[in-house]
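In the numbering used here, the protein residues as written are 176 to 453.
For every residue, glycine included, the Cβ atom is placed at its ideal position computed from N, Cα and C.
All values reported here derive from a predicted model rather than from experimental measurement.
Structure first, then comments.
And the structure:
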């Protein structure tokens with residue numbers, strides 16, 4: 176009987192020793208993993224910091240480059256105007272066509288350069304976030320497009336707009352104006368409809384702008400947010416920077432922007448905003 180007890184006791188002792196060894200090994204592994212995690216965090220912090228520096232340097236470069244380009248464009252535009260005023264009458268039809276093409280190219284390039292400057296300034300403006308009323312912001316954005324709205328005569332509908340949102344009001348107004356104007360410009364319907372609303376879920380606060388316009392092929396869903404990428408026809412004007420500006424603004428707010436669309440059926444653009452400041 177005693178020998179059985181002794182064996183059980185020995186077994187327990189052995190198991191305890193094994194557990195101690197396992198615990199020690201586990202602690203060593205955890206210590207190593209903690210060290211690795213600390214190193215990774217440090218490396219990530221450095222990479223993030225460097226990435227922010229590079230982005231800042233790039234924005235500064237773009238801003239100053241666009242400023243210099245504006246000066247050069249003013250000279251080219253003045254020369255084009257001089258040609259138009261003093262030589263148009265002595266040019267043949269082909270020459271006058273070339274002059275018109277030159278002027279159109281200058282205007283387009285001016286718009287692109289202005290967009291580059293606007294993109295570069297977003298970093299500066301994105302610092303001051305505050306709470307604002309989404310409904311008031313949407314109305315303000317619509318009023319800023321009164322000439323286009325007068326021309327297109329859309330029917331608006333609104334959903335869940337009388338809510339508080341958090342972000343940079345100036346930049347969010349820019350996003351809304353861009354999305355609303357796109358819904359009007361890229362729209363050939365006789366009866367244009369636009370729905371603007373918000374979806375407030377626990378995980379995210381989303382705003383959307385839905386139109387019944389020309390729609391977008393799935394292939395372009397991501398490409399349209401790249402600089403100077405346009406999807407449409409010659410009948411639809413623009414320099415292809417509006418959605419890039421929207422993307423950068425929402426990026427600065429640590430949110431997401433995306434589109435759901437079907438060709439000829441319209442598009443719905445969504446973007447998320449940060450939670451309200453507590």
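Check: Do you know how far the Cα of residue 310 is from the Cα of residue 339?; Outcome: 9 Å
Check: Between residue 341 and residue 451, how many whole angstroms is the CB-CB distance? I'm expecting something under 8 Å.; Outcome: 5 Å
Check: Who are the near neighbours of residue 453 in its chain, counting only those whose CB is closer than 7 Å to its CB and skipping five residues on each side?; Outcome: Below a pLDDT of 50, predicted positions are generally treated as unreliable, and residue 453, at 46, falls in that range; the measurement from the model is reported next regardless. Closer than 7 Å at the Cβ level, and outside the excluded window around residue 453, lies no residue.
Check: Which residue wins for smallest C-alpha separation from residue 320, given the options 207, 351, 199?; Outcome: 351
Check: Taking the beta strand (DSSP E) that residue 363 belongs to, which residues open and close that run?; Outcome: Taken as a continuous stretch (DSSP letters only), residue 363 belongs to no beta strand (DSSP E), as it is neither H nor E.
Check: Have a look at residue 290 and residue 200 and give me their C-alpha separation to the nearest angstrom.; Outcome: 59 Å
Check: Kindly indicate the opening and closing residues of the beta strand (DSSP E) around residue 330.; Outcome: 330 to 334
Check: Roughly how far, in whole angstroms, is the beta-carbon of residue 364 from the beta-carbon of residue 387, given that I think they are within contact range, below 8 Å?; Outcome: 6 Å
Check: Less than 8 Å between the beta carbons of residue 356 and residue 390, yes or no?; Outcome: no
Check: Assign residue 265 to buried or exposed, taking buried as 16 or more other Cβ atoms, counted over all protein chains shown, within 10 Å of its Cβ.; Outcome: exposed
Check: Helix, strand or coil: how does DSSP classify residue 402 here?; Outcome: coil
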